[in-house]
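Enquirer: Numbering (full-length UniProt numbering), first residue to last: 8 to 489.
All residues carry an ideal CB built from backbone N, CA and C; glycine is no exception.
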Amino acid sequence: VDGGVFAAVDIGASSGRVILGRASGSGVSLQTVHRFPNGVVEHDGGLRWDFDALFTEVLAGLRTAATVASAQGETIASIGIDTWAVDYGLVNKAGELVAQPFSYRDDRSRAAVAPVHAKLDPSRLYQTSGLQFLQFNTIYQLATERGLDGLQALLIPDLIAFRLTGVRRTEATNASTTGLFDAVAGEWATEFFTALGLRKDLFPPLIQPGETVGTLLPEIAAQVGLPQVTKVVAVGSHDTASAVAAVPAQGENFAYISSGTWSLVGLELKHPVLTEASREANFTNERGVDGTTRYLRNVGGLWLLSECQRTWAAEGFKPDLTALLAAAAALPAGGPQINADDPYFIAPDNMPERIRAAVRRTGDVLSSDPAAITRCIMDSLAAGYARTITAAERLAGRSVDVVHVVGGGSQNALLCQLTANATGRPVVAGPVEATALGNVLVQARAAGAVAGGLAELRRIVATGTSLDRYQPLVAARQGCVN
Ligand code: LFR
Numbered sequence: 008v009d010g011g012v013f014a015a016v017d018i019g020a021s022s023g024r025v026i027l028g029r030a031s032g033s034g035v036s037l038q039t040v041h042r043f044p045n046g047v048v049e050h051d052g053g054l055r056w057d058f059d060a061l062f063t064e065v066l067a068g069l070r071t072a073a074t075v076a077s078a079q080g081e082t083i084a085s086i087g088i089d090t091w092a093v094d095y096g097l098v099n100k101a102g103e104l105v106a107q108p109f110s111y112r113d114d115r116s117r118a119a120v121a122p123v124h125a126k127l128d129p130s131r132l133y134q135t136s137g138l139q140f141l142q143f144n145t146i147y148q149l150a151t152e153r154g155l156d157g158l159q160a161l162l163i164p165d166l167i168a169f170r171l172t173g174v175r176r177t178e179a180t181n182a183s184t185t186g187l188f189d190a191v192a193g194e195w196a197t198e199f200f201t202a203l204g205l206r207k208d209l210f211p212p213l214i215q216p217g218e219t220v221g222t223l224l225p226e227i228a229a230q231v232g233l234p235q236v237t238k239v240v241a242v243g244s245h246d247t248a249s250a251v252a253a254v255p256a257q258g259e260n261f262a263y264i265s266s267g268t269w270s271l272v273g274l275e276l277k278h279p280v281l282t283e284a285s286r287e288a289n290f291t292n293e294r295g296v297d298g299t300t301r302y303l304r305n306v307g308g309l310w311l312l313s314e315c316q317r318t319w320a321a322e323g324f325k326p327d328l329t330a331l332l333a334a335a336a337a338l339p340a341g342g343p344q345i346n347a348d349d350p351y352f353i354a355p356d357n358m359p360e361r362i363r364a365a366v367r368r369t370g371d372v373l374s375s376d377p378a379a380i381t382r383c384i385m386d387s388l389a390a391g392y393a394r395t396i397t398a399a400e401r402l403a404g405r406s407v408d409v410v411h412v413v414g415g416g417s418q419n420a421l422l423c424q425l426t427a428n429a430t431g432r433p434v435v436a437g438p439v440e441a442t443a444l445g446n447v448l449v450q451a452r453a454a455g456a457v458a459g460g461l462a463e464l465r466r467i468v469a470t471g472t473s474l475d476r477y478q479p480l481v482a483a484r485q486g487c488v489n
C-alpha cells in the first residue's frame, strides 16, 4: 500500500499538539509541528477550559502542518482530532459557543449525583451504559445545566470538528463516556434522555471512527492554507480510545495502562461486562475503535505529581523531574501509600499537603520532602495498577501475561519497574505517543493507506517503535526495590 500523510490534533489536560503522521503497512512515523499548553482556568464562577484559545492553537498548528507538508511535496489527506473525554461545550442554533466549557475538575457536578440517581438508580445506569461511576461523567454535569432549550452539546473533539467543518456529529468512543450511551447496542440510551428530561437531539448523531465528518469550511481552509476538500475524519476521539488502539500488543492476554494525567488501566474485550460485581468494582465499559470494549478503571495518574510540582514551583522550589525521580527511586520500598483513586485528589490545589493528610488518615506519616512524596505517589500508583489488573482478570475471566504501558508514564522508569514488581508481570513500555499514533492509524486506514483490524494497526506500531522492558523483581515485592 502507498503511504499517506495525516494531521493529528491531540489535546490532553496539560498540553496539546498538532502532529504530521506518515503511515503505510510498513510503519508509522510522527512529526510534531506545534505544541501548546492547556490547563483549567478559573473563569465565570468555575473551572473551565479556554476553548477559544485552544481552537486558535489548533488553527496555528494546522497552518504549520500545511506549510511543512507542502515544503516536502506532500498533501495532507485528512485531519483527526482527539482530546480528553466527558466535557462538552453548548452551542446555540447559530453555532456559537454560549460559554467556555466547564472542566470535569469543577466540583459542581458532585451535587447533581443524588438527583440523577433518584431518577435512574446506579444499577440501572450500569446495566445499560456500563460506565464506571465518576462524579464528573457528562450525565451529572448536564444535570447542573439550566436552560438547555435551543442548545446542543458537543463533546470537545466534536466541537473542534464542528468549528472546522460546520458539521455536528458525536464520535462514538467519546459518546460512551457520557453515561447516556448504550454499551451493548452502541447507540444513545434514549430512555435515559427521557428519564432525565433531556431532549433526544441534545447531542448530534453518532459517527464511528474512520467515517468522514466533513470537509473544511471555506474560511477555515483559507486561514490554515489547506485545500477546502481536506477531510476531517472521525478517529477514536476519546484520547484513551486512540491510545488503546496503538498499544503494541501481540496476542490477546495483555493489560494496558494508558498513563498520563490519568492512568487508564484495563483490558480490551469483545463484549461489555455489565454484572453487579463489575459495577461494584467500578469498572467501565467504554467503546473502543472497531466496536471493542475498553474494560478499565480510572486510576489516579501523573496529575498527582504534576500538581505537586506546580505547588513546589509556587513555593520557589523547581526540582528537575529526572533528579526528583532518581531521589525517589533511591528511597526504600514499603513506604506510605495513598489510594490514588480517591475523588479527594480530583480538584487542583496544594497536592503535597493533601497527599500527606491522606497518609495521616491511614495512620502513617509522610515527610514533606519532595522525593518522599514522589515515591509515595509512584508506590501508590503501582499498587493501584496491580489491584486493578487482578480485579479485571477476575471480573472478565481473562488472564494477563504482559502489561503494556503507553503514554507519558512509559518514560518513567521508576513507575514502570514498580508496576512490574507490584503486578508480578513483565512490563513493556512505549510508545509515549500512543494517542497520536492511534489517531493517525485510524485516519490512514480510512484513506486506504493501511488495511486490517486492530491487530494489524498494532503490528505497524510495534514495527517502528523501540520498547523498554521491565521484569518483575521478586525481592522487591517482598520489600526491597534496588
Ligand atoms: C484521559 C481521559 C480519561 C477520562 C478523563 C476525563 O485523558 O480522557 O479517559 O476519564 O480523561 O475526560
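Which residues does DSSP list as the beta-bridge partners of Asn292?
Expert: Within the sequence shown, residue 292 is the residue found at index 285, counting from 1. Per DSSP, Tyr302.
Enquirer: Could you give the DSSP three-state label for Ser22: helix, strand or coil?
Expert: For the purposes of this step, residue 22 is taken as the residue at position 15 of the sequence shown. Strand, per DSSP.
Enquirer: May I ask whether a heavy atom of the ligand LFR can be found less than 7 Å away from the beta carbon of Asn260?
Expert: Taking the first residue of the sequence shown as position 1, residue 260 is located at position 253. No, Cβ of Asn260 sits at least 7 Å from all heavy atoms of the ligand LFR.
Enquirer: Nearest-angstrom Cα distance between residue 492 and Gly415?
Expert: The requested residue 492 does not occur in the structure, where the chain is confined to residues 8 to 489.
Enquirer: What's the gap between the Cα of Ile353 and the Cα of Ala119?
Expert: The residue you call residue 353 lines up with position 346 of the sequence shown. The residue you call residue 119 lines up with position 112 of the sequence shown. Spanning the two alpha carbons is a distance of roughly 17 Å.
Enquirer: If you count every other CB in all the chains shown that lies within 10 Å of the CB of Ala192, and 16 or more means buried, which is it?
Expert: As a first step, residue 192 must be located in the sequence shown, where it is residue number 185. The residue is exposed, with fewer than 16 neighbouring Cβ atoms inside 10 Å.
Enquirer: Just to confirm my understanding: we take Gly34, look at its own chain, exclude 5 residues before and 5 after, and list those with CB closer than 7 Å. What are they?
Expert: Taking the first residue of the sequence shown as 1, we reach residue 34 at position 27. Cβ within range, chain order: Ile467, Thr470 and Gly471.
Enquirer: Taking Cβ positions only, does Ser406 come closer than 8 Å to chain D?
Expert: Considering every chain present, this structure includes no chain D. It has just one protein chain.
Enquirer: Which residues in the same chain have their Cβ closer than 6 Å to the Cβ of Gly173, if we skip the five residues on either side of it in sequence?
Expert: Reading the sequence shown from its first residue, position 166 is the one you call residue 173. Correct list, in chain order: Leu224.
Enquirer: Report the three-state DSSP secondary structure of Lys126 (helix, strand or coil).
Expert: Residue numbering aside, residue 126 sits at position 119 when the sequence shown is read from its first letter. Three-state DSSP puts Lys126 in a helix.
Enquirer: In angstroms with no decimal places, state the Cα-to-Cα distance between Leu138 and Asn292.
Expert: Translated into positions along the sequence shown, residue 138 becomes position 131. Translated into positions along the sequence shown, residue 292 becomes position 285. Answer to the nearest angstrom: the Cα atoms are 6 Å apart.
Enquirer: Which residues in the same chain as Thr39 place their Cβ atom closer than 6 Å to its Cβ, once the five residues preceding and following it in sequence are excluded?
Expert: Taking the first residue of the sequence shown as 1, we reach residue 39 at position 32. Closer than 6 Å at the Cβ level, and outside the excluded window around Thr39, lie Arg24 and Ile26.
Enquirer: Exposed or buried, what is Gln316 when buried is set at 16 or more other beta-carbons lying within 10 Å of its beta-carbon?
Expert: As a working note, residue 316 is residue 309 in the sequence shown. The residue in question, Gln316, is buried, as its Cβ has 16 or more Cβ neighbours within 10 Å.
Enquirer: Please give me, in chain order, every unbroken run of the alpha helix (DSSP H) with length at least 4 that falls completely inside the segment 177-230.
Expert: Listed in chain order, they are 179-182 and 197-203.
Enquirer: Entirely within the segment 35-117 and at least 3 residues each: give me those beta strand (DSSP E) ranges in chain order.
Expert: DSSP runs (the beta strand (DSSP E)) wholly in the segment 35-117: 83-90 and 95-98.
Enquirer: Does DSSP put Leu328 in a helix, a strand or coil?
Expert: For this step, residue 328 is matched to residue 321 along the sequence shown. Leu328 falls in the helix class under three-state DSSP.
Enquirer: Can you name the start and end residues of the beta strand (DSSP E) that Ala160 belongs to?
Expert: Walking along the sequence shown from the start, residue 160 turns up at place 153. Run containing Ala160: Gln159 to Leu162, per the beta strand (DSSP E) assignment.
Enquirer: Check for me: the beta strand (DSSP E) holding Ser265 runs from which residue to which?
Expert: One-based indexing of the sequence shown puts residue 265 at position 258. Note, Ser265: beta strand (DSSP E), Phe261 to Ser266.
Enquirer: In whole angstroms, give me the CA-to-CA distance for Asn357 and Arg42.
Expert: On the sequence shown, position 350 is the one that residue 357 refers to. On the sequence shown, position 35 is the one that residue 42 refers to. Those two C-alpha atoms are separated by around 27 Å.
Enquirer: Measuring only the C-alpha atoms, how far is Thr369 from Glu360?
Expert: Indexing the sequence shown from 1 puts residue 369 at position 362. Indexing the sequence shown from 1 puts residue 360 at position 353. Each residue's alpha carbon lies about 14 Å from the other.
Enquirer: Tell me which same chain residues have a C-beta within less than 7 Å of the C-beta of Asp371, skipping the five on either side of it?
Expert: Counting from 1 along the sequence shown, the entry for residue 371 is found at position 364. Excluding positions up to five away in sequence, the list reads Pro343.
Enquirer: Can you determine whether any heavy atom of the ligand LFR sits closer than 7 Å to the C-beta of Val296, and answer yes or no?
Expert: In the sequence shown, counting from the first residue as 1, residue 296 sits at position 289. Incorrect: Val296 has no Cβ contact closer than 7 Å to the ligand LFR.
Enquirer: Quick one: is Ala393 buried, meaning 16 or more other Cβ sit within 10 Å of its Cβ, or exposed?
Expert: Stepping through the sequence shown from its first residue, residue 393 is reached at position 386. Buried is the call here.
Enquirer: Can you give the Cα-Cα distance for Cys487 and Gly96, rounded to whole angstroms?
Expert: Indexing the sequence shown from 1 puts residue 487 at position 480. Indexing the sequence shown from 1 puts residue 96 at position 89. Unreliable positioning characterises Cys487 in this predicted model, as indicated by a pLDDT of 44, which lies under 50. The coordinate reading is nonetheless provided below. Their backbone Cα atoms lie some 49 Å apart in a straight line.
Enquirer: Quick check on DSSP: helix, strand or coil for Asn489?
Expert: Numbered from 1 along the sequence shown, position 482 holds the residue referred to as residue 489. Low confidence applies to Asn489: its pLDDT is 39, below 50, so where it sits in the model is not reliable enough to give any reading.
Enquirer: Sorry if obvious, but does the Cβ on Gly19 come closer than 7 Å to a heavy atom of the ligand LFR?
Expert: Counting from 1 along the sequence shown, the entry for residue 19 is found at position 12. Within the cutoff, so yes.
Enquirer: Return helix, strand or coil for Glu152, following the three-state DSSP convention.
Expert: Translated into positions along the sequence shown, residue 152 becomes position 145. Looking at Glu152 - three-state DSSP - the assignment turns out to be coil, as it is neither helix nor strand.
Enquirer: Thinking C-alpha only, which one of Ser406, Pro479, Asp386 and Glu226 is nearest Ser309?
Expert: For the purposes of this step, residue 309 is identified with residue 302 of the sequence shown, where counting begins at 1. The amino acid at residue 309 is misidentified as Ser; the sequence shows Leu. When each option's Cα is compared against that of Leu309, the closest is Asp386.
Enquirer: Could you tell me whether any non-hydrogen atom of the ligand LFR is closer than 7 Å to the CB of Asp246?
Expert: Translated into the one-based positions of the sequence shown, residue 246 becomes position 239. Correct: Asp246 has its Cβ closer than 7 Å to the ligand LFR.
Enquirer: Within the same chain, show all residues whose beta-carbon is closer than 8 Å to that of Ser313, passing over the 5 residues directly before and after it, in chain order.
Expert: Taking the first residue of the sequence shown as position 1, residue 313 is located at position 306. Around Ser313: Ser21 and Thr268.
Enquirer: Taking 7 Å as the cut-off, is the beta-carbon of Asn305 closer than that to any non-hydrogen atom of the ligand LFR?
Expert: Here residue 305 is taken as the residue at index 298 of the sequence shown, counted from 1. Within the cutoff, so yes.
Enquirer: Can Phe140 and Ser116 be called in contact, C-beta distance under 8 Å?
Expert: In the sequence shown, residue 140 corresponds to position 133, counting from 1. In the sequence shown, residue 116 corresponds to position 109, counting from 1. Cβ atoms of Phe140 and Ser116: not closer than 8 Å.
Enquirer: Exposed or buried, Glu64, counting other C-beta atoms within 10 Å across all chains shown (16 or more means buried)?
Expert: Residue 64 sits at position 57 when you count from the first residue of the sequence shown. So Glu64 ends up on the buried side.
Enquirer: My understanding is that Ile88 touches Ala72, with C-beta atoms under 8 Å, so please give their C-beta distance in whole angstroms.
Expert: Here residue 88 corresponds to residue number 81 of the sequence shown, with the count starting at 1. Here residue 72 corresponds to residue number 65 of the sequence shown, with the count starting at 1. Contact doesn't hold; Cβ gap of about 13 Å is too wide.
Enquirer: At 4 residues or longer, and completely inside the segment 238-287: list those alpha helix (DSSP H) runs for me, N to C.
Expert: For the segment 238-287, whole alpha helix (DSSP H) runs of length 4 or above, ordered along the chain, are 246-252 and 283-287.
Enquirer: Three or more beta-carbon pairs under 8 Å between the segment 230-244 and the segment 167-184, yes or no?
Expert: With a cut-off of 8 Å, the segment 167-184 and the segment 230-244 count as touching, because enough Cβ pairs lie within range.
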